[in-house]
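This report concerns only the one structure given below.
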Ligand code: DP6
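Residue numbers (the numbering used here): 1 to 319.
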């Protein structure tokens with residue numbers, strides 16, 4: 001049995017939209033931070049028979065989740081020249097029951113575990129390209145620390161190690177168990193119906209360049225501002241879709257305003273939101289305890305997780 005682990009990543013500069021739907025190439029560049037603690041553990045084992053079996057968080061996967069796993073396995077089988085089938089078992093070891101995005105860590109761990117089970121020894125770039133075709137954000141979770149996924153490349157690349165900036169990402173969980181529209185569907189709908197989508201794509205390159213140079217200069221204030229600009233511009237593009245895609249809950253807005261208020265009081269706290277209602281807050285680790293205490297005190301916050309920059313995906317057991 002091959003066992004791999006991978007960690008969730010949060011995009012500071014967002015990916016939203018596809019340049020090529022079939023190959024799943026992003027329309028815009030993105031920049032992310034892989035987070036410690038938010039871990040997926042995936043086992044892959046060769047089995048006799050004509051079908052792959054997929055168990056996600058203790059339940060047999062069906063429908064689209066099953067098909068996405070099989071599609072990734074098909075990519076690997078084609079590379080290995082194999083028609084072997086696999087049993088895949090994956091667990092999200094996130095310290096919460098809330099629906100935090102787990103596809104990035106999940107597909108990264110799957111690419112690593114399943115490629116080894118099939119006897120392939122792929123480079124990180126190759127693994128990242130395989131994971132990207134399943135879910136573009138997963139390409140970034142192959143790497144630890146700060147990573148980028150460009151529009152001109154098949155794979156993500158590391159930009160800086162986890163220790164490059166001494167920060168924390170605070171994840172303010174605002175709602176439980178609600179199934180919103182998935183990111184793949186929502187970004188295609190945005191591209192098809194939003195009059196702001198082209199403007200989003202046209203401006204994304206400059207946002208990425210701003211975020212990346214701030215990161216390289218270790219300028220957290222500038223990085224935080226670029227991060228807020230990217231998330232609000234992304235959400236603006238989807239709000240203008242028809243019908244509009246609305247991931248903000250009242251609680252999300254309450255946390256966003258609280259973060260701006262904390263900035264008014266001198267804290268370096270910046271927010272970002274993905275395809276869901278939770279708010280992720282970037283801050284220097286020295287300020288994290290005080291900011292976490294302020295956020296925990298908000299009625300809008302059900303639970304607050306504190307994540308440090310994390311490591312790359314890794315194989316923890318191999319046959
Ligand atoms: C808002 O990677 O889930 O989290 O490639 O269709 O699987 P697919 O989309 P996915 O989209 C992530 C969108 C985002 C921003 C980001 O992570 O960059």
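Here a beta-carbon is modelled for each residue, glycine too, at the ideal position from N, C-alpha and C.
Check: Completely contained beta strand (DSSP E) runs for the stretch 240 to 287, where each covers 3 or more residues; Outcome: 270 to 272 and 279 to 284
Check: Three-way DSSP call (helix, strand, coil) for residue 1 in this model; Outcome: coil
Check: Boundaries of the beta strand (DSSP E) in which residue 157 is found, first to last residue; Outcome: 157 to 160
Check: Span separating the alpha-carbon of residue 305 from that of residue 49; Outcome: 42 angstroms
Check: Three-state secondary structure (DSSP) of residue 63; Outcome: helix
Check: Segments assigned alpha helix (DSSP H), at least 4 residues, entirely inside the stretch 31 to 80; Outcome: 63 to 80
Check: Cβ contact (3+ pairs, closer than 8 angstroms) linking the stretch 103 to 118 and the stretch 127 to 139; Outcome: yes
Check: Residue 47 CB to nearest heavy atom of the ligand NAD below 8 angstroms; Outcome: This structure lacks the ligand NAD; the ligands present are the ligand DP6.
Check: 6 angstroms CB neighbourhood of residue 230 in its chain, flanking five on each side removed; Outcome: 13, 14 and 207
Check: Euclidean distance between Cα positions of residue 286 and residue 260; Outcome: 18 angstroms
Check: C-alpha gap between residue 214 and residue 30, whole angstroms; Outcome: 14 angstroms
Check: Any non-hydrogen atom of the ligand DP6 within 8 angstroms of residue 311 CB; Outcome: no
Check: Residue burial classification, residue 221 (beta-carbon count within 10 angstroms, cutoff 16); Outcome: exposed
Check: Check: residue 20 C-beta below 8 angstroms from any heavy atom of the ligand DP6; Outcome: no
Check: Euclidean distance between Cα positions of residue 82 and residue 203; Outcome: 43 angstroms
Check: Backbone secondary structure at residue 201 - three-state DSSP; Outcome: helix
Check: Range of the contiguous beta strand (DSSP E) that encloses residue 91; Outcome: 85 to 92
Check: Helix, strand or coil at residue 302 according to DSSP, with G and I counted as helix; Outcome: coil
Check: Distance, residue 183 Cα to residue 277 Cα; Outcome: 13 angstroms
Check: Contact the stretch 35 to 46 vs the stretch 293 to 308: 3+ CB pairs below 8 angstroms; Outcome: yes
Check: At least three beta-carbon pairs within less than 8 angstroms, the stretch 166 to 180 to the stretch 266 to 285; Outcome: yes
Check: According to DSSP, residues forming a beta bridge with residue 317; Outcome: 3
Check: Close-in-space but distant-in-sequence residues of the same chain around residue 125 (CB under 7 angstroms, 5 per side omitted); Outcome: 155
Check: Check: residue 274 C-beta below 8 angstroms from any heavy atom of the ligand DP6; Outcome: yes
Check: Residues of its chain near residue 2, where Cβ-Cβ distance is below 6 angstroms and the 5 sequence neighbours each way are ignored; Outcome: 44, 113, 116, 117 and 318
Check: Helix, strand or coil at residue 13 [DSSP, three-state]; Outcome: strand
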